[in-house]
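Okay, structure first, notes after.
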Amino acid sequence: MAAETGTPTTLTLKSNDDELFSVAESAAILSVTIRNMVEDGCAGGVIPLDNVDGKTLASVITYMNGISAIPADEEKKKSYRDKFLSDKDFETLADMVLAANYLNMSCLMDAVSAKIAQVMEKKSVGWVRRKFGIENDYTPEEEAAVKEEHKWTFEGVETDDDN
Amino acid sequence: MESEHPTPAEIVASIYHLLTRILLLLPIKSLTRFKSVSKEWLSLISDPEFCHLRNPNPNPAIGLFFPSDEPHRWLSLPFHANRSIPPPFRSSEFTGDSLGFRIIQSCNGLLLCISSPRYHKNPKYCVYNPTTNCFSELPKPNERIVFLNAVCWMSLAFDPAMSRHYNVVCLSILSVGVNSGNKVFQIRVYSSETGSWQLCGEQFEATVNFDNGVYWNRAVHWLGSGKVDSFYFNIDTQVLDKMPKRPGRQGWNNRTDYYFGESCGHLHLTEMTGPSIGFNVYEMRRDYSEWFVVHKVNLSSIVYSNPEMVVGRAHEFGLCNLVFSVLAIIRGEREEDSFLVIQLPGKAIRYNLVSKTCENLPVVEDTDMIERCLMYPGIHQGFQYIESLSCV
């Protein structure tokens, strides 16, 4: 890691659509992937992040800066994470899970996974199939049987009108 | 449905560890619903390892099953308005006959059931998970053992925090001593891991009835009455031992009304010792050294708002006979979430043990039937419903 020189070290990250971002090293190393690169001395120039697009990377960097500015206070960190994710739509959340996975950021991963689960909680089976692109491989009879067996779990499900 | 350019969510769904990470955070009710998404999701959500990971700890009960006046039907009484509970055996009837079944024990999400009627010549036992609606019939421990209620008792021992497999303890009477009149017992233990029964230890004599076993602290516990001792059988050491004497005021011999049950790692006992406006909730220490008082319950506020529970004239001590029964003691993750479920004539209420406030249980369907079935407290016990994906 860079020696302490008094001025904070800045890293340059490059998204897969060639956008460049400057970020303080102290915030960027929340990503284990980036930290490993820094420790291996690969951070001299630009760090290419081939699996993350500019829009998602901008969001992740906002998160890195925001969360690293909060001192060790789990309550405050949690409330920051909740606020940060509150306005994100489902596709953005999915992008962020993939980015958090690639960047190896477990705290972001946990928060986004929990947020996705919260969005899914009251959704219908049809909504889940559409959003995750899952093919229904049940025959109509099989599907009716498995639904009948767990009939009580279909109470209180949101109406299926989301595109 | 996969296109050339899959969406981020489609990619997430195709990466096993990302998808399971999200699914493990869903409520059990939602997960059970999503078994209908596809066969792949069904097998993922039914996978024993996944189910084991998903079981919360601690996992307090969110409702009770209570017998109805129809043999093949059980009432579901949820504790909280926003948490529905399934009806047991709505679609599957493991007995295959119209006489229905009885729940004999609830243990950390699984129910031990027996086909009715009570003294059926050859009843079947099964372990049932009401959340997943799956059951598994138990094999007979021995061809010569009669599965008769009066000579053979079964208890379930299941602790998902320790293992995803369960045990069933069977105590059967081999004979009755000619001189002593004591019964001679043999213990057998079934393991769901091996699917077989094993003999445990030597035959022994006892006077106790091994029914209504309660699992706690790696052991099944049976409460003796009057002068009869209470026992427990440890699943790991396979040793049968005596428990400390039941607490409570001496002199009241007819202790007919008590509650004995487990919640979130606590073994509870209440003793209603004659006419009194309150009672103690006791808990057993893990080292079996004593029953200690965890809560003192005063019923005056409940009596005040539910005068129908007072019967007969004022007692000579100035107290009345109260009609009620404790159906459950539920411990929450936080102490202030702990409550009693008390049955009064025609209804059940939740009594918070810390704030000492009462609430009616949420209104569900069949209110007439529930009122009818709850009319006489003390006749039937309830069985805790605990959400679980555990495989049977």
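In order, the protein sequences belong to chains A and B.
In case it helps, UniProt numbering puts the first sequence at residues 1 to 163.
In case it helps, UniProt numbering puts the second sequence at residues 1 to 392.
We treat Cβ as the ideally placed atom computed from N, Cα and C, and that holds for glycine.
Checklist entry - At a Cβ threshold of 8 Å, is T9/A touching chain B? => result Start at 1 with the first residue of the first sequence, and residue 9/A comes out as number 9. Closer than 8 Å: no.
Item to check | Per-residue DSSP class, three states only, for Y128/B | outcome: Position 128 of the second sequence, counting from 1, holds the residue named residue 128/B. Strand at Y128/B.
Next on the checklist: If you reduce the DSSP assignment to three classes, tell me which class L64/B lands in.
Outcome noted: By 1-based counting over the second sequence, the position of residue 64/B is 64. DSSP places L64/B in strand when its eight states are reduced to three.
Checklist entry - Using the beta-carbon of each residue, which ones in chain B are nearer than 8 Å to N136/A? => result As a working note, residue 136/A is residue 136 in the first sequence. Correct list: V37, S38.
Next on the checklist: 8 Å is my cut-off, CB to CB: does E19/A come that close to chain B?
Outcome noted: Here residue 19/A refers to the residue found at position 19 of the first sequence. It does not; no Cβ of chain B falls within 8 Å.
Next on the checklist: With distance defined between alpha-carbon atoms, name the residue in K151/A, N16/A, L13/A nearest to S84/B.
Outcome noted: Taking the second sequence and counting its residues from 1, one reaches residue 84/B at position 84. Of the listed residues, the one whose Cα sits closest to S84/B is K151/A.
Next on the checklist: So, with DSSP's three-state summary, where would you put P88/B?
Outcome noted: If you number the second sequence from 1, residue 88/B lands on position 88. Coil.
Next on the checklist: Does the region 28-48 of chain B come into contact with the region 97-115 of chain A, if we say contact requires no fewer than three beta-carbon pairs (one atom in each stretch) closer than 8 Å?
Outcome noted: no
Checklist entry - When DSSP labels each residue in this structure, what does A328/B get in the three-state scheme? => result If you number the second sequence from 1, residue 328/B lands on position 328. Of the three classes helix, strand and coil, the one that applies to A328/B here is strand, per DSSP.
Item to check | DSSP three-state assignment for V239/B, whether helix, strand or coil | outcome: As a working mapping, residue 239/B is identified with position 239 in the second sequence. V239/B falls in the coil class under three-state DSSP.
Checklist entry - Leaving out the 5 sequence neighbours to the left and right, which residues in its chain are closer than 8 Å to W74/B when beta-carbon positions are compared? => result Along the second sequence, read from residue 1 onward, the residue named residue 74/B stands at position 74. Same-chain partners within the cutoff: F65, F66, P67, S68, P87, P88, F89, I103.
Next on the checklist: 8 Å is my cut-off, CB to CB: does M1/B come that close to chain A?
Outcome noted: Stepping through the second sequence from its first residue, residue 1/B is reached at position 1. Summary for M1/B: the model assigns pLDDT 47, below 50, so the residue's position carries little reliability, and this model does not support an answer.
Next on the checklist: Give me the residue from E205/B, F204/B, V169/B, G195/B with the minimum Cα distance to R188/B.
Outcome noted: The residue given as residue 188/B occupies position 188 in the second sequence. Per the Cα distances, V169/B.
Item to check | M162/B classed as buried or exposed, judged by whether at least 16 other C-beta atoms fall within 10 angstroms | outcome: Taking the first residue of the second sequence as position 1, residue 162/B is located at position 162. So M162/B ends up on the exposed side.
Item to check | Residues, ordered as in the chain, of the region 2-26 of chain B that lie near chain A by beta-carbon distance below 7 Å | outcome: E2, P6, T7, P8, A9, E10, I11, V12, A13, L18, R21, I22, L25, L26
Checklist entry - Is there a Cβ from chain A that is less than 8 Å from the Cβ of F34/B? => result Taking the second sequence and counting its residues from 1, the one referred to as residue 34/B is at position 34. Taking Cβ atoms only, chain A reaches closer than 8 Å to F34/B, which makes this a yes.
Item to check | Beta carbon proximity, G382/B to chain A, threshold 8 Å | outcome: Along the second sequence, read from residue 1 onward, the residue named residue 382/B stands at position 382. It does not: the Cβ of G382/B has no partner Cβ on chain A nearer than 8 Å.
Next on the checklist: Bridge partners for N57/B per DSSP, in chain order?
Outcome noted: Position 57 of the second sequence holds residue 57/B. Paired residue(s): none; N57/B is not in a bridge.
Item to check | L349/B - partner residues in DSSP beta bridges | outcome: What you label residue 349/B is simply residue 349 of the second sequence in a count that begins at 1. Residue identity differs from the one stated: residue 349/B is Ile in this sequence, not Leu. DSSP lists I342/B, N360/B as partners of I349/B.
Next on the checklist: Starting from L112/B, trace the beta strand (DSSP E) in both directions and tell me its first and last residue.
Outcome noted: Along the second sequence, one-based indexing puts residue 112/B at 112. Here the beta strand (DSSP E) through L112/B covers 110-115.
Item to check | Contact set for G325/B: own chain, Cβ-Cβ below 6 Å, skip 5 residues either direction | outcome: By 1-based counting over the second sequence, the position of residue 325/B is 325. Here the sequence assigns Ser to residue 325/B, which means Gly is not the residue at that position. Same-chain partners within the cutoff: Q343, P377, G378.
Checklist entry - What did DSSP end up calling T92/A once you bin it into helix, strand or coil? => result Taking the first sequence and counting its residues from 1, one reaches residue 92/A at position 92. In this structure, T92/A counts as helix in the three-state DSSP scheme.
Checklist entry - Where DSSP assigns a beta bridge to T12/A, which residues make up the other side? => result Indexing the first sequence from 1 puts residue 12/A at position 12. Partner(s): S22/A, V46/A.
Item to check | Assigned secondary structure, C373/B (DSSP; H/G/I helix, E/B strand, else coil) | outcome: As a position in the second sequence, residue 373/B is number 373, starting the count at 1. Correct three-state label for C373/B: helix.
Checklist entry - How long is the line joining the alpha carbons of I370/B and K124/B, rounded to whole angstroms? => result Within the second sequence, numbered from 1, the residue matching residue 370/B stands at position 370. Within the second sequence, numbered from 1, the residue matching residue 124/B stands at position 124. Straight-line Cα distance between these residues: approximately 28 Å.
Checklist entry - Between Y138/A and V146/A, is the Cβ-Cβ spacing less than 8 Å? => result Working through the first sequence from its first residue, we reach residue 138/A at position 138. Working through the first sequence from its first residue, we reach residue 146/A at position 146. A contact, by the Cβ cut-off of 8 Å.
Checklist entry - Around the C-beta of E387/B, are 16 or more other C-beta atoms found within 10 angstroms, so that it is buried, or is it exposed? => result Residue mapping note: residue 387/B aligns to position 387 of the second sequence, counting from 1. That one is buried.
Checklist entry - If you draw a straight line from the alpha carbon of L13/A to that of K83/A, how long is it in whole angstroms? => result For the purposes of this step, residue 13/A is taken as the residue at position 13 of the first sequence. For the purposes of this step, residue 83/A is taken as the residue at position 83 of the first sequence. Their backbone Cα atoms lie some 25 Å apart in a straight line.
Next on the checklist: Here's the rule: buried if 16 or more other CB atoms are within 10 angstroms of the residue's CB, otherwise exposed. What is T153/A?
Outcome noted: One-based indexing of the first sequence puts residue 153/A at position 153. Answer is buried; the Cβ neighbour count reaches 16.
Next on the checklist: Check whether chain A comes within 8 Å of F317/B, counting only Cβ atoms and requiring the distance to be less than that.
Outcome noted: Taking the first residue of the second sequence as 1, we reach residue 317/B at position 317. The pLDDT assigned to F317/B is 47, lower than 50, so where the model puts this residue is not dependable, and the model offers no usable value.
Checklist entry - Can you check whether the CB of I349/B is closer than 8 Å to the CB of G261/B? => result Along the second sequence, read from residue 1 onward, the residue named residue 261/B stands at position 261. Along the second sequence, read from residue 1 onward, the residue named residue 349/B stands at position 349. In this structure, I349/B does not lie closer than 8 Å to G261/B by Cβ.
Checklist entry - Do we get a CB-CB distance below 8 Å when we pair P78/B with the residues of chain A? => result Here residue 78/B refers to the residue found at position 78 of the second sequence. No, no contact with chain A.
Item to check | Per-residue contacts from S30/B into chain C (C-beta, under 7 Å) | outcome: Protein chains A and B are contained in the structure displayed, whereas chain C is not.
Next on the checklist: Using C-beta distances below 7 Å, list every residue in its chain close to A206/B, excluding the 5 sequence neighbours before and after it, in chain order.
Outcome noted: As a first step, residue 206/B must be located in the second sequence, where it is residue number 206. Here the set comprises N182, K183, F185.
Item to check | Uninterrupted alpha helix (DSSP H) stretches inside the UniProt domain "SKP1 component dimerisation" (108-152) of chain A (no shorter than 4 residues) | outcome: 125-132, 140-149
Checklist entry - Among P244/B, F101/B, V151/B, which residue has its Cα nearest to the Cα of Y128/B? => result For this step, residue 128/B is matched to residue 128 along the second sequence. With distances taken between Cα atoms, Y128/B lies closest to F101/B.
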